[in-house]
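Written out below as structure tokens is the structure these notes cover.
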Amino acid sequence: MSIYMGVTLSFVLSLVGNLSSGHFTLPGFLVSFVVSTILALLIGRFVPMGKITSDVMRSKHLELGKPKTKAITSCISDLIYTPVITLAMVFLAYRNAVRQGAPVKFLGMFLPSLLLSLVVGFVLIYVLESIFMNIAMKKAKGQ
0 MSIYMGVTLS FVLSLVGNLS SGHFTLPGFL VSFVVSTILA LLIGRFVPMG
50 KITSDVMRSK HLELGKPKTK AITSCISDLI YTPVITLAMV FLAYRNAVRQ
100 GAPVKFLGMF LPSLLLSLVV GFVLIYVLES IFMNIAMKKA KGQ
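So, in structure tokens, the structure goes:
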């Protein structure tokens, strides 16, 4: 589940980030995608997302499958994955821009990108989380 979500989130956020910068390049997109995928896989490996979400669900008395629960669990995943991925992508873009002599400020690049990425990430996670969970459960049953 975390692999599906991490790769998909990395792909979409890399694409959105590169397109929204106004300077899309294939090499830039590919580097961003690879770095963010590695980060997402590391987060998925070392952050116990299932435990975190189940603890929140239990403490807030949330029922699985309800829209409110889905929104909260999507928000949790979004707040864990997206800032780290966005920070890495913006840092790479910032470093590249500075090397080329652009007079840019890191926070001026990071904050709007983070806001956009959080919104896109939330929507993506909200829509795909249950789909990827079904795929993962089917694969687990088939083994």
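When the letters of the sequence shown are read in order and numbered with numbering that gives the first Met the number 0, they come out as residues 0 to 142.
Glycine is no exception: its CB is placed at the ideal position from the N, C-alpha and C atoms.
Computed from a predicted model, the values in this text were never measured in an experiment.
Asked                                                                                                                                                          : Found
Specify the secondary structure class of Pro66 as computed by DSSP and reduced to three states.                                                                : helix
Ile124 and Ser76 look like a contact to me (Cβ under 8 Å); what is the Cβ gap, rounded to whole Å?                                                             : 5 Å
When the Cα of Ser73 is compared with those of Ile42, Leu117, Ala96, which residue comes out closest?                                                          : Leu117
In angstroms, rounded to a whole number, what distance separates the CA positions of Thr85 and Phe121?                                                         : 13 Å
Under three-state DSSP, which class holds Met132?                                                                                                              : helix
Run the CB neighbour count on Met4, radius 10 Å, all protein chains shown included, and call it buried at 16 or more, exposed below.                           : buried
Mind checking whether Met48 and Ser1 have CB atoms under 8 Å apart?                                                                                            : yes
Which of the three DSSP states, helix, strand or coil, is assigned to Pro111?                                                                                  : helix
Which whole-angstrom value describes the C-beta separation of Leu14 and Tyr80, a residue pair presumed to lie in contact below a C-beta threshold of 8 Å?      : About 16 Å; that fails the 8 Å criterion.
Nearest to Val30 by alpha carbon, out of Ser129, Ser112, Ala92, Gly141?                                                                                        : Ala92
Would you mind sorting Ala139 into buried or exposed? The rule is 16 or more other CB atoms within 10 Å of its CB.                                             : exposed
How big is the Cα-Cα spacing for Leu25 and Thr68?                                                                                                              : 37 Å
Leaving out the 5 sequence neighbours to the left and right, which residues in its chain are closer than 7 Å to Ser20 when beta-carbon positions are compared? : Ala92
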